[in-house]
Structure formats: C-alpha cells, structure tokens
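Student: In the working numbering, the protein residues as written are 9 to 269.
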C-alpha cells in the first residue's frame with residue numbers, strides 16, 4: 009500500500025484532477041441514463057431516491073471538508089517546522105562563529121555539510137531514495153559536530169562556548185526528527201480511498217436522481233468541475249514538496265543561510 013501511495017504521489021495533480029473530472033462527469037451521465045432506462049421499463053413505479061440522495065451528498069461534503077481541513081493543517085504545520093528549523097540553524101551557526109578561528113576551521117565545514125544535507129532533504133521532493141540519503145548524510149555530519157563539541161567541552165578555554173552550542177545542536181536534531189515525522193504523517197490512505205468512493209457514488213446518484221428530460225448538462229459540468237477542484241486542492245496540500253502549493257518560500261529561509269557561511 010505504501011509503495012502504491014508513493015507512485016500515486018509522483019503523478020501530476022492536475023492530470024489526476026482531470027481524470028477525476030472525466031470520471032465524475034461520466035458517472036453522473038450514467039446515473040441519469042440508468043434512471044431513464046428504469047423509468048421507461050417501469051413507468052408507473054417510483055424509482056426516486058427521496059432523502060437518501062441528500063444524506064449521501066451531506067456525508068460526502070462532510071468527509072471532503074474533514075479531509076481538506078486535515079491536509080491544510082498538516083501543510084501549515086510543515087511550513088512552521090521549516091521556519092523553526094531555519095531559526096535553529098541560524099542560531100547554531102552564530103554560536104559556532106563565536107569560537108576562535110582555529111576551531112572554526114574544523115567546526116564550520118561540518119556545519120556547512122549538515123546545512124547542505126538539510127537543503128538536499130527538501131530538494132529530494134518525494135523521492136524516497138534521495139530522502140533517505142539526505143537523512144543519512146545529516147546524521148553523519150551531525151554526529152561529527154557533536155563529537156567535536158564534546159571534545160571542546162573538556163577544554164577549559166572553550167568550555168563556556170561549547171556548553172552554549174549543546175542545546176542548539178540538540179534542538180537541531182530534534183527538529184530534524186519532527187520534520188521527518190511531519191512529512192510521513194500524511195492523510196491516511198483509507199480516508200482518501202473512502203473519499204473517492206463517496207465522490208464517485210454521489211456523482212452517479214446525482215445523475216440518477218434527475219427525472220428523464222430534466223438533466224442540465226451545464227449543471228453536470230459545473231458539478232464535475234467543482235468536485236475536481238476540491239480534490240485537486242486536497243492533493244496539492246498533501247504533497248507540499250511539489251506542485252503549485254508548495255513550501256519553497258519557507259525552504260528559501262534555510263537556503264539563504266548559505267550566504268552566512
């Protein structure tokens with residue numbers, strides 16, 4: 009299921025929205041056609057849905073709103089985490105620059121490599137292999153910085169500066185873990201599948217609920233467009249590393265730290 013989801017997230021969201029639009033419109037037409045055939049065979053039989061159609065549409069709207077709210081909340085949380093990491097990276101860099109030049113020659117290259125690994129982490133987009141490599145590089149460079157600082161703590165001349173760097177390094181490690189946890193904490197696949205099923209069933213029943221001769225193609229087209237746009241926004245918010253709704257502006261705060269090295 010996870011591999012299928014990863015492949016799904018590699019597909020362009022606009023293309024998926026267009027596919028959903030076609031499916032919604034066709035299902036709406038099929039529902040109307042099916043109702044028309046039943047009415048022709050049983051002209052005296054009431055085949056209307058009654059309140060069932062409204063109940064199903066309400067359920068679909070509820071799940072759609074719930075999913076949209078979940079994805080938008082996760083998007084904002086991811087954006088804020090990137091800003092927090094940029095602040096922590098800047099704090100750690102400033103504290104590293106307080107050391108004497110002889111120590112900075114050893115400490116700053118590792119810090120620069122760590123910064124580059126965090127930039128590569130975002131640049132990997134949704135490629136799992138590149139993400140794992142960036143995470144592994146980040147752990148390697150962090151461990152090197154931590155070990156160097158552990159030696160500096162034992163030096164009376166640099167102990168006070170090294171002590172100040174410890175909480176900054178710990179915070180950097182914690183924020184990296186938080187950011188990765190936020191990346192993988194996507195909307196559960198089961199909810200997305202349930203939403204798509206409800207959308208498709210509602211599309212069919214919306215067409216089925218129309219009496220023969222009362223179908224308005226403009227309404228059906230507008231219905232398909234609105235639902236496709238809603239699904240498109242859900243997909244875009246759920247994949248903030250690519251597409252038009254992304255986190256590039258927030259990530260730029262980390263990239264700009266290169267100028268300070």
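Note that CB positions come from ideal geometry on N, CA and C, so glycine has one too.
Suppose the cutoff is 6 Å on Cβ atoms and the five residues either side in sequence are ignored; what does the same chain contact list for residue 218 look like?
Tutor: The count along the chain shown starts at 1 and reaches residue 218 at position 210. Excluding positions up to five away in sequence, the list reads 40.
Student: Keeping to the same chain, check which residues put their C-beta closer than 6 Å to that of residue 258; ignore five residues upstream and five downstream.
Tutor: Reading the chain shown from its first residue, position 250 is the one you call residue 258. Answer for residue 258: 87, 90, 91, listed in chain order.
Student: Confirm, please, whether the CB-CB distance from residue 236 to residue 37 is below 8 Å.
Tutor: Translated into positions along the chain shown, residue 37 becomes position 29. Translated into positions along the chain shown, residue 236 becomes position 228. For residue 37 and residue 236, no; Cβs fall outside 8 Å.
Student: Within the same chain, show all residues whose beta-carbon is closer than 8 Å to that of residue 9, passing over the 5 residues directly before and after it, in chain order.
Tutor: Sequence index remark: in the chain shown, residue 9 carries index 1 (1-based). For residue 9, the pLDDT reaches just 49, beneath the cut-off of 50, and the residue's location in the model is therefore unreliable, although a value from the coordinates is still provided. 197.
Student: Short of 7 Å in beta carbon distance, which residues of its chain neighbour residue 29, apart from the five on each side in sequence? Order them along the chain.
Tutor: As a position in the chain shown, residue 29 is number 21, starting the count at 1. If we look at residue 29 and ignore the five residues flanking it on each side, its Cβ neighbours are 232, 233, 236.
Student: Do you know offhand how far residue 176's Cα is from residue 98's?
Tutor: Position 168 of the chain shown, counted from the first residue, corresponds to residue 176. Position 90 of the chain shown, counted from the first residue, corresponds to residue 98. Approximately 10 Å between the Cα atoms of the pair.
Student: Any idea if residue 125 is buried or exposed, counting beta-carbon neighbours within 10 angstroms, 16 or more meaning buried?
Tutor: Numbered from its first residue, the chain shown carries residue 125 at position 117. So residue 125 counts as buried.
Student: Would you mind reading off the limits of the alpha helix (DSSP H) that contains residue 108?
Tutor: Stepping through the chain shown from its first residue, residue 108 is reached at position 100. That residue, residue 108, is in no alpha helix (DSSP H); it is neither H nor E in DSSP.
Student: For residue 84, does the count of other Cβ atoms within 10 angstroms reach 16, so buried, or fall short, so exposed?
Tutor: In the chain shown, counting from the first residue as 1, residue 84 sits at position 76. That one is exposed.
Student: What does a CB cutoff of less than 8 Å around residue 2 pick up in its chain, not counting 5 residues either side in sequence?
Tutor: Lying before the first or after the last residue shown, residue 2 is absent from the chain, which here runs from 9 to 269.
Student: Could you give the distance in angstroms between the alpha-carbon of residue 171 and the alpha-carbon of residue 238?
Tutor: Taking the chain shown and counting its residues from 1, the one referred to as residue 171 is at position 163. Taking the chain shown and counting its residues from 1, the one referred to as residue 238 is at position 230. Distance between the alpha carbons of residue 171 and residue 238 is about 51 Å.
Student: Considering only residues of the segment 158-186, which uninterrupted alpha helix (DSSP H) runs meet the minimum length of 4 residues and lie entirely inside it, listed in chain order?
Tutor: With a minimum length of 4 residues, no continuous alpha helix (DSSP H) run stays inside the segment 158-186.
Student: Report all residues from its chain with a CB closer than 6 Å to the CB of residue 103; omit the five preceding and five following residues, and keep chain order.
Tutor: One-based indexing of the chain shown puts residue 103 at position 95. The residues are 172, 173, 176.
Student: Output the boundary residues of the alpha helix (DSSP H) element that contains residue 43.
Tutor: Position 35 of the chain shown, counted from the start, is the residue given in the question as residue 43. Here the alpha helix (DSSP H) through residue 43 covers 21-49.
Student: Within 10 angstroms of its Cβ, does residue 118 collect 16 or more other Cβ (buried), or is it exposed?
Tutor: Residue mapping note: residue 118 aligns to position 110 of the chain shown, counting from 1. So residue 118 ends up on the buried side.
Student: Measure how close the beta-carbons of residue 78 and residue 210 come, nearest whole angstrom, since I'm counting them as under 8 Å.
Tutor: Counting from one through the chain shown, the residue named residue 78 turns up at place 70. Counting from one through the chain shown, the residue named residue 210 turns up at place 202. The pair is not a contact, with the Cβ atoms about 20 Å apart (cut-off 8 Å).
Student: Considering just the uninterrupted stretch of the alpha helix (DSSP H) at residue 262, what are its terminal residues?
Tutor: What you label residue 262 is simply residue 254 of the chain shown in a count that begins at 1. Looking at the DSSP string, the run of the alpha helix (DSSP H) that includes residue 262 is 256-263.
Student: What runs of the beta strand (DSSP E), each 3 residues or longer, lie entirely inside the segment 130-158?
Tutor: Segments of the beta strand (DSSP E) lying fully in the segment 130-158: there are none.
Student: From residue 114 to residue 151, what distance separates their C-alpha atoms?
Tutor: Residue mapping note: residue 114 aligns to position 106 of the chain shown, counting from 1. Residue mapping note: residue 151 aligns to position 143 of the chain shown, counting from 1. The alpha-carbon atoms of residue 114 and residue 151 are separated by roughly 14 Å.
Student: Quick check on residue 220: does DSSP put it in helix, strand or coil?
Tutor: Within the chain shown, numbered from 1, the residue matching residue 220 stands at position 212. Three-state result, residue 220: coil.
Student: Output the distance between the C-alpha atoms of residue 226 and residue 149, rounded to the nearest integer angstrom.
Tutor: Within the chain shown, residue 226 is the residue found at index 218, counting from 1. Within the chain shown, residue 149 is the residue found at index 141, counting from 1. If I take the Cα positions, the gap works out to 59 Å.
Student: Could you pull out every residue in the same chain whose Cβ sits closer than 8 Å to the Cβ of residue 93, ignoring the five residues on either side in sequence?
Tutor: In the chain shown, the residue the question calls residue 93 occupies position 85. For residue 93, where only same-chain residues beyond five positions count, the Cβ hits under 8 Å are 126, 180, 183, 184, 187, 262.
Student: Which class does residue 193 belong to by DSSP, given the choice of helix, strand or coil?
Tutor: As a position in the chain shown, residue 193 is number 185, starting the count at 1. Here residue 193 sits in coil by DSSP.
Student: Buried or exposed for residue 146, please, with buried defined as at least 16 other CB atoms from any protein chain shown within 10 angstroms of its CB.
Tutor: The residue labelled residue 146 in the question sits at position 138 within the chain shown. Buried: at least 16 other Cβ atoms inside 10 Å.
Student: Whose C-alpha, out of 23, 248, 27, is nearest the C-alpha of residue 194?
Tutor: For the purposes of this step, residue 194 is taken as residue 186 along the chain shown, with counting starting at 1. The candidate whose alpha carbon is nearest that of residue 194 is 248.
Student: Rounded to whole angstroms, what's the CA-CA distance from residue 133 to residue 139? Just pull it up for me.
Tutor: Here residue 133 refers to the residue found at position 125 when the chain shown is read from its first residue. Here residue 139 refers to the residue found at position 131 when the chain shown is read from its first residue. Roughly 8 Å separates the two Cα atoms.
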